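Following: one structure in structure tokens, then a few remarks.
Chains as they are written, first to last, in the numbering used here: chain A, 2 to 335; chain B, -11 to 335.
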């Protein structure tokens, strides 16, 4: 599975520019589904229909987002340096000395205005990107161009580190679950590889408006409380898939949480329960779309979220695959 | 003198009470469209049928509402208490002349004359909730006979042209400039597809009208015409500038609400390049237009935004370049005439 993860996390896909990630995923999932659709916003919807014998199949939407955080050029100085704005949640303290890569391969180094006080952090607008240009005229990028953070994938024993684990790891889990699911299932499964999650769960919103699911499950990362001096949180790396109870944008359907726990216990999967104080996922959009849906989320514990070194545990990842397969291959009674 | 801009900017339509501006626009477009209707929110939706070449429905949006004030109470002395509708810097309100309610009662947002200010008061900001509109009424009863709680108030600003007729001053270019441009598009020849012109309500209070207009008409593509704040006054060295007056049509790539459809952005720019129409990329980052609501209506609609840069947005007098305005009409027209379903094809 590491090869799949490496392929996905190293691809270019800041919010709004997910085409390359979609082009990678589409051929991977097509053998396992009946139909694929790309909608107006660029969501990839892969549909695996229930067997003809199924009585009153439910529509189950599973969402993992393809986009990653990044930056967008807002201004080019006379000397060819780029000022930029954020795409999604970019934290200034993660920037200086880092590298970004534009769609055409141009690599930039992030610098910042002189820092007078080492105890303070510059805001985003006091950082710049150096692409080696010396003037506006010879600068290879334009205002409005997007870039992602540039960092390679590393497997360090059980720990996997890369940029954009958020949420290519969710995409990898969805793809792997599709491979493992039996040919015949009781429900209509809509695997959605969504766009623009990082800027406000926008892609999942329109995909859910189309599908109008009965049941919705997001696959996304969640933070952990297991590093030194961390803000307390009872989720840790290696503790197994985290079944979300609530986050700041969604309260998971209690019946769906119970069913996830039961399926995990039946399959012998170690799991954790998650309460996330800040942040949300595509489950929020799916829960509120149309007449509403029964929504929850299987979270992958992840350290250093929204930095270029997001880190997950491979056993947690396979646990998430197992839990998703267990959920989808059996009946869903709430 | 651009009579269309004069008529539109001098008309009144504070968010939620767009009746007058809607009637004016309807009269201006009725001979150039095949059908029109008004939806439940008050959006004016007009269809200009195409030549039939493409099976496409293209939605072009311009919001007709403007920021303004709403009367919340009448004091015992006949002064009108108010709150703002849409985003304001309260400091821009003092001393301005307004027109209140359906009878267009003239009032002034009162302030103590400089002669009467005590030392130290000049450096303090007067908050909006301490301000009153004075319509000269002698009593609460007299004021109550002329205006009602809930009446909107709009600025009184005459449209004028400067700089040899290339620069205009007026109120509510945000977004009567977009409305005027859309009217000009309707006055032109038919497009190769059906064009749905949406003059929408309540943009300034949260993109509300466009949300239902798009969901109700379910178009294939959307273009939003706007007036975006110009930021070209003197500034610190090397701080990111925004669009400047006279430098061309403002093209949106990303704001706080929307990442514009990249296929449409590329098409808009290529269309402008092919016809030597000047444009400038608006600094990505904050702000938002109806595009945010339209893009995510229903199952999603590919959408993009063009805007005229305007100085002093959400103040009694805005300023635009008529070159930018005319270029926006040309750019929108050229891009629409060259729009084909292939531009949206993904495979």
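Don't be surprised by glycine CBs; every beta carbon is placed ideally from N, CA and C.
Since the model is a prediction, treat every value here as computed from it, not as a measurement.
Tell me which residues of the segment 35 to 67 of chain A have at least one Cβ-Cβ distance to chain B shorter than 9 Å, keeping chain order. 39, 40, 41, 42, 43 and 44
Would you give the residue range spanned by the alpha helix (DSSP H) that residue 255 of chain A belongs to? Here residue 255 of chain A is taken as the residue at index 254 of the first chain, counted from 1. In the DSSP assignment, residue 255 of chain A falls within the alpha helix (DSSP H) that extends over 255 to 267.
Can you tell me whether DSSP reads residue 159 of chain B as helix, strand or coil? Along the second chain, one-based indexing puts residue 159 of chain B at 171. Of the three classes helix, strand and coil, the one that applies to residue 159 of chain B here is coil, per DSSP.
Between the beta-carbon of residue 308 of chain B and the beta-carbon of residue 215 of chain B, is there less than 8 Å? Along the second chain, one-based indexing puts residue 308 of chain B at 320. Along the second chain, one-based indexing puts residue 215 of chain B at 227. Yes, these two residues count as a Cβ contact at 8 Å.
Applying the criterion that 16 or more other CB atoms from any shown protein chain within 10 Å of the CB defines a buried residue, is residue 1 of chain A buried or exposed? Only positions 2 to 335 of chain A appear in this structure, which leaves residue 1 of chain A out of reach.
Min CB distance residue 139 of chain A to chain B below 8 Å: As a working note, residue 139 of chain A is residue 138 in the first chain. Judged by the 8 Å Cβ criterion, residue 139 of chain A is not in contact with chain B.
Pull the bridge partners of residue 149 of chain B from the DSSP assignment, please. On the second chain, residue 149 of chain B is found 161 positions in, with the first residue counted as 1. Note: residue 149 of chain B sits in a beta bridge opposite B:156.
Under 8 Å by beta carbon: chain B residues contacting residue 322 of chain A: The sequence position of residue 322 of chain A within the first chain is 321, counting from 1. In chain order: nothing, as chain B lies at least about 29 Å away.
Does any residue of chain B have a CB that is nearer than 8 Å to the CB of residue 197 of chain A? Locating residue 197 of chain A in the first chain gives position 196, counting from the first residue. Cβ-Cβ to chain B under 8 Å: yes for residue 197 of chain A.
Might you give, ordered along the chain, the residues of its own chain that have their beta carbon closer than 6 Å to the beta carbon of residue 169 of chain A, omitting 5 neighbours on each side? For the purposes of this step, residue 169 of chain A is identified with residue 168 of the first chain, where counting begins at 1. Result list for residue 169 of chain A: 9 and 10, in chain order.
Alpha carbon of residue 125 of chain B to alpha carbon of residue 69 of chain B, nearest angstrom: Stepping through the second chain from its first residue, residue 125 of chain B is reached at position 137. Stepping through the second chain from its first residue, residue 69 of chain B is reached at position 81. Taking the straight line joining both Cα atoms gives about 13 Å.
Pick helix, strand or coil for residue 271 of chain A, following the three-state DSSP scheme. Taking the first chain and counting its residues from 1, the one referred to as residue 271 of chain A is at position 270. Residue 271 of chain A: coil per DSSP, three-state reduction.
Taking only the alpha-carbon atoms, compute the straight-line gap between residue 401 of chain B and residue 182 of chain B and give it to the nearest angstrom. Lying before the first or after the last residue shown, residue 401 of chain B is absent from chain B, which here runs from -11 to 335.
Along chain A, which residues have their Cβ under 9 Å away from the Cβ of residue 79 of chain B? Reading the second chain from its first residue, position 91 is the one you call residue 79 of chain B. Per Cβ cutoff of 9 Å: no residues; residue 79 of chain B is ~24 Å from chain A at best.
Neighbour-count burial assignment, residue 294 of chain A, 16 or more Cβ in a 10 Å radius: Taking the first residue of the first chain as 1, we reach residue 294 of chain A at position 293. By the 10 Å Cβ count, residue 294 of chain A comes out buried.
Are residue 143 of chain B and residue 86 of chain B touching if we call contact CB-CB under 8 Å? The residue you call residue 143 of chain B lines up with position 155 of the second chain. The residue you call residue 86 of chain B lines up with position 98 of the second chain. Yes, they are a contact pair.
Would you give the residue range spanned by the beta strand (DSSP E) that residue 113 of chain A belongs to? Against the first chain, residue 113 of chain A aligns to sequence position 112. Counting along the chain, the unbroken beta strand (DSSP E) around residue 113 of chain A starts and ends at 108 to 113.
What does the Cβ neighbour count give for residue 345 of chain B, buried or exposed, with the cut at 16 atoms within 10 Å? Any property of residue 345 of chain B remains undetermined from this structure, which presents chain B solely from -11 to 335.
Since residue 215 of chain A contacts residue 325 of chain A with CB under 8 Å, what's their CB separation in whole angstroms? Locating residue 215 of chain A in the first chain gives position 214, counting from the first residue. Locating residue 325 of chain A in the first chain gives position 324, counting from the first residue. Their Cβ separation, rounded to whole angstroms, is 17 Å, which puts residue 215 of chain A and residue 325 of chain A out of contact at 8 Å.
Quick one: is residue 113 of chain A near chain B, going by C-beta distance under 8 Å? Indexing the first chain from 1 puts residue 113 of chain A at position 112. So no, residue 113 of chain A is outside the interface.
Give the residues of chain B in contact with residue 262 of chain A, contact being defined as C-beta atoms less than 8 Å apart. In the first chain, counting from the first residue as 1, residue 262 of chain A sits at position 261. Correct list: empty, because the minimum Cβ distance to chain B is about 33 Å.
Based on the DSSP output, what are the partners of residue 87 of chain A in its beta bridges? In the first chain, the residue the question calls residue 87 of chain A occupies position 86. BP columns for residue 87 of chain A point to A:72.
So residue 75 of chain A and residue 144 of chain A are in contact, right, with Cβ under 8 Å, and what is the actual spacing, rounded? As a first step, residue 75 of chain A is located in the first chain; it is residue number 74 there, counting from the start. As a first step, residue 144 of chain A is located in the first chain; it is residue number 143 there, counting from the start. With a Cβ gap of about 6 Å, residue 75 of chain A and residue 144 of chain A count as contacting.
Exposed or buried, what is residue 299 of chain A when buried is set at 16 or more other beta-carbons lying within 10 Å of its beta-carbon? Position 298 of the first chain holds residue 299 of chain A. The residue is buried, with at least 16 neighbouring Cβ atoms inside 10 Å.
Just the Cα atoms here: how many angstroms apart are residue 16 of chain A and residue 165 of chain A? Translated into the one-based positions of the first chain, residue 16 of chain A becomes position 15. Translated into the one-based positions of the first chain, residue 165 of chain A becomes position 164. Answer to the nearest angstrom: the Cα atoms are 11 Å apart.
Residue 277 of chain B (DSSP reduced to helix, strand or coil): Start at 1 with the first residue of the second chain, and residue 277 of chain B comes out as number 289. Three-state result, residue 277 of chain B: coil.
Could you round the C-beta distance between residue 54 of chain B and residue 1 of chain B to whole angstroms and report it? I think they count as a contact, below 8 Å. The residue labelled residue 54 of chain B in the question sits at position 66 within the second chain. The residue labelled residue 1 of chain B in the question sits at position 13 within the second chain. At roughly 6 Å, the Cβ-Cβ gap stays under 8 Å, so residue 54 of chain B and residue 1 of chain B are in contact.
Between A:35, A:21, A:42 and A:29, which lies nearest to residue 186 of chain A when the distance is taken from Cα to Cα? Residue mapping note: residue 186 of chain A aligns to position 185 of the first chain, counting from 1. Out of A:35, A:21, A:42 and A:29, A:35 has the C-alpha closest to the C-alpha of residue 186 of chain A.
Residues bridged to residue 57 of chain B [DSSP beta-bridge criterion]: Walking along the second chain from the start, residue 57 of chain B turns up at place 69. Paired residue(s): B:72 and B:141.
Between which two residues does the alpha helix (DSSP H) holding residue 255 of chain B run? If you number the second chain from 1, residue 255 of chain B lands on position 267. For residue 255 of chain B, the enclosing alpha helix (DSSP H) covers residues 250 to 262.
For a minimum of 3 consecutive residues, which ranges assigned as the beta strand (DSSP E) are wholly contained in the segment 92 to 149 of chain A? 100 to 103, 108 to 113 and 128 to 131
Going along the chain, which residues of the segment 67 to 81 of chain A sit with their C-beta nearer than 7 Å to a C-beta in chain B? Taking 7 Å as the Cβ-Cβ cut-off, the segment 67 to 81 of chain A approaches chain B at 73, 75, 76 and 78, given in chain order.
Length of the line joining the Cα atoms of residue 178 of chain B and residue 39 of chain B: Here residue 178 of chain B refers to the residue found at position 190 of the second chain. Here residue 39 of chain B refers to the residue found at position 51 of the second chain. Roughly 6 Å between the two C-alpha positions.
Contact residues within the segment 198 to 215 of chain A, judged by C-beta distance below 7 Å to chain B: 200, 203, 206, 207, 210 and 211
State the beta-bridge partners of residue 302 of chain A as determined by DSSP. Here residue 302 of chain A is taken as the residue at index 301 of the first chain, counted from 1. Bridge partners of residue 302 of chain A: A:223.
What is the rounded straight-line gap between the Cα of residue 49 of chain B and the Cα of residue 322 of chain A? Along the second chain, read from residue 1 onward, the residue named residue 49 of chain B stands at position 61. Along the first chain, read from residue 1 onward, the residue named residue 322 of chain A stands at position 321. Looking at the two C-alpha atoms, the distance is approximately 45 Å.
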